[in-house]
Amino acid sequence: MTEIAIKLYGYPVTLPDGTQTTLRQKGHENHNGKGAFSKDVVRWMLQRFAYTGKITYVGFDDTGKYRSRQPPQEIFDGQHPALISQELFDQVQNMRISLGHNGRKIKDRQIRCYPLTGILRCGFCGSNLRGVSCNGKYFSYQDGSKIDAITRCRQGLVKQEWIEGAISKCIINPSCYLTK
Ligand SMILES: [Zn+2]
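Position one of the sequence shown corresponds to residue 840 (the working numbering), numbered consecutively onward.
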């Protein structure tokens, strides 16, 4: 992931006026300012078709509703440069599907899934929270920018069991409030 981030950071982009720049210097700073793309951004990019240089048509279903979150009906070549090869994109999607089944094991221990990774955000700095385990016994979500040592955010570990339970309660009953 870090290698891909560094590669993307060094990717030259030609602006409409002909000058060349790298992506981050175009002004697209993240909430932590300038710097290489974080793993969270790379994870997000690796799931977006547009970064393969193509554009998609998702279309509408039989009832005339927009088919959001569905596979595209048609794929066209875009006019923008591809940052990610189709091969890498396909590999990532296949890997995500197989990991989603959680069939992986290390030393007969089931690898834990953290379904809220990339969804939860830190209330202090806005970074994504990521699943982490301590000694294979304690499971939590941790501020991603803190893991990558980008910030020294004051957000502590959030217990996995608690937050996932609280979120699922809110999904069932949207009027609930998250309380500790
Ligand atoms: Zn934070």
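C-beta atoms are modelled at their ideal positions from N, C-alpha and C, and glycine is treated no differently.
Sequence-distant residues of its chain with Cβ nearer than 6 Å to residue i (five each side left out)
{"i": "threonine 956", "result": "Arg969, Gly970"}
{"i": "glutamine 925", "result": "Thr891"}
Same chain, Cβ closer than 8 Å to residue i, five either side skipped, listed in chain order
{"i": "arginine 960", "result": "Ser966, Asn967, Leu968"}
{"i": "threonine 990", "result": "Asn871, Cys964, Ser966, Asp982, Ser984"}
{"i": "glutamate 1003", "result": "Pro954, Leu955"}
{"i": "aspartate 987", "result": "Ser877, Lys878"}
{"i": "proline 911", "result": "Phe888, Thr895, Tyr896, Val897, Gly898"}
{"i": "glutamine 886", "result": "Val931, Gln932, Arg935"}
DSSP-derived helix/strand/coil call for residue i
{"i": "threonine 891", "result": "helix"}
{"i": "lysine 865", "result": "Unreliable placement is indicated for lysine 865, whose pLDDT of 48 sits below 50; no coordinate value is reported for it."}
{"i": "glutamine 999", "result": "helix"}
{"i": "cysteine 973", "result": "strand"}
{"i": "glycine 1004", "result": "helix"}
{"i": "glutamine 930", "result": "helix"}
{"i": "arginine 935", "result": "helix"}
{"i": "cysteine 952", "result": "coil"}
{"i": "aspartate 987", "result": "coil"}
{"i": "glutamine 994", "result": "coil"}
{"i": "valine 881", "result": "helix"}
Residue i beta carbon near ligand 1 (any heavy atom closer than 6 Å)
{"i": "glutamine 994", "result": "yes"}
{"i": "aspartate 982", "result": "yes"}
{"i": "cysteine 973", "result": "no"}
{"i": "serine 966", "result": "yes"}
{"i": "phenylalanine 963", "result": "yes"}
Chain-order list of residues whose beta-carbon lies under 7 Å from that of residue i (same chain, five-residue window excluded)
{"i": "phenylalanine 963", "result": "Cys992, Arg993, Gln994"}
{"i": "phenylalanine 899", "result": "Tyr905, Arg906"}
Which residues DSSP lists as bridging residue i, in chain order
{"i": "glutamine 859", "result": "Thr853"}
{"i": "glutamine 886", "result": "Answer is none; glutamine 886 lacks a bridge partner."}
{"i": "phenylalanine 978", "result": "Ser972"}
{"i": "arginine 960", "result": "Asn967"}
{"i": "alanine 916", "result": "It should be noted that the sequence gives aspartate, not alanine, for residue 916. DSSP, once it has assigned bridges, lists Lys893 as partnering aspartate 916."}
{"i": "tyrosine 905", "result": "Phe899"}
Burial state of residue i, where buried means 16 or more other Cβ atoms lie within 10 Å
{"i": "leucine 854", "result": "exposed"}
{"i": "tyrosine 896", "result": "exposed"}
{"i": "threonine 891", "result": "buried"}
{"i": "serine 972", "result": "exposed"}
{"i": "isoleucine 923", "result": "buried"}
{"i": "glutamine 909", "result": "exposed"}
{"i": "leucine 951", "result": "The residue you asked about is not leucine; residue 951 is arginine in the sequence shown. Per the 10 Å Cβ criterion, exposed."}
{"i": "aspartate 879", "result": "buried"}
{"i": "phenylalanine 928", "result": "buried"}
{"i": "glutamine 999", "result": "buried"}
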